[in-house]
Amino acid sequence: MAETTIAEIKQSVEHKMGKTLEALRNDLAKVRTGRAHTGILDHVMVDYYGNPTPVPQVANVSLVDSRTLGVQPYEKNMVAKIEKAIRDGDLGLNPAAHGDIIRVPMPSLTEERRRDLIKVVRNEAEGARVAVRNIRRDANGTVKDMVKAKTATEDEERRTQDEVQKLTDKYIGEIDKMLADKEKDLLAV
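Note that full-length UniProt numbering gives residue 114 to position 114 of the sequence shown, counting from 1, and the numbers run on in steps of one.
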């Protein structure tokens, strides 16, 4: 087994924390606010010649305005199928076809639903914070093992722990900022 170096540990920590942040960003994007965004239809499947296919692969999804999506199928015969797939999806959307364009208005959120969604995003953010702290714990444990095995000095251990803590603080700060932005987004009427 090759010995890991201090530099590899730091690089690994930064990479894993970055992945955690990216995962949180994706999770928060899935939480629907009152505003329209094209990614909301990414997981809605439509029957395309016998194959379940995501809506963005059979239609152009665009923003008409801040509360309305426009869905323009690439084939005219897909309008009814796409409209039905969006309506039957578990997003609570009510699309309306106008010729060969489907308009999908975003329903406004009730105060109670906003509070529930804020709880969800806070929970997601806390999960990301825990993941970042676990990465820190694992890295510090690896460095301690290196000191025991005499492949690193105690000075290197302290220096590495300080640097890992700085990375932890930086990423937790970014998580808190993302959470604050999403909460502000959810509370905007």
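Cβ coordinates follow ideal geometry from the N, Cα and C atoms, glycine included.
All figures in this text were calculated on a predicted structure; none of them were measured in a lab.
Take A36, set aside five residues on each side of it, and the residues of its chain with a beta-carbon closer than 7 angstroms to its own are L63, S66, R67, T68, L69, M106, in chain order. Under the 10 Å beta carbon count, K150 is surrounded by fewer than 16 other beta carbons and is classified as exposed. Counting of Cβ neighbours within 10 angstroms places V44 among the buried residues, the total reaching 16 or more. In the structure shown, G70 falls within a strand segment according to DSSP collapsed to helix, strand and coil. Closest in alpha carbon position to K182, among E14, K16, T4, K30, is K30.
A188 places its beta carbon 8 angstroms or farther from that of L24. Ranked by how close their Cα comes to the Cα of Q11, the residues N94, L186, T168 have T168 in first place. Across the structure, D162 and D42 are spaced so that their CA atoms are roughly 41 angstroms apart.
Under DSSP, S62 forms a beta bridge with G70. Cβ-Cβ distances below 8 angstroms link Q57 to Y48 in the same chain, with the five nearest sequence neighbours on each side left out; the list follows chain order. By the neighbour-count criterion, in which 16 or more other beta carbons inside 10 Å mark a residue as buried, Y74 falls on the exposed side.
Taken through DSSP and simplified to helix, strand or coil, Y49 comes out as coil. For I118 against V104, the beta-carbon gap comes to about 24 angstroms, at or over 8 angstroms, which does not count as contact.
A straight line joining the alpha-carbon of N134 with that of A128 spans about 10 angstroms.
Separation of R137 and I175 (C-alpha to C-alpha, rounded to the nearest whole angstrom) is 18 angstroms. The residue among D145, I101, Q165, E14 with its C-alpha nearest the C-alpha of N60 is I101. Between I172 and V132, the C-beta gap is smaller than 8 angstroms, which places the two residues in contact. Checking the DSSP bridge columns, you'll see H98 partnered with I101.
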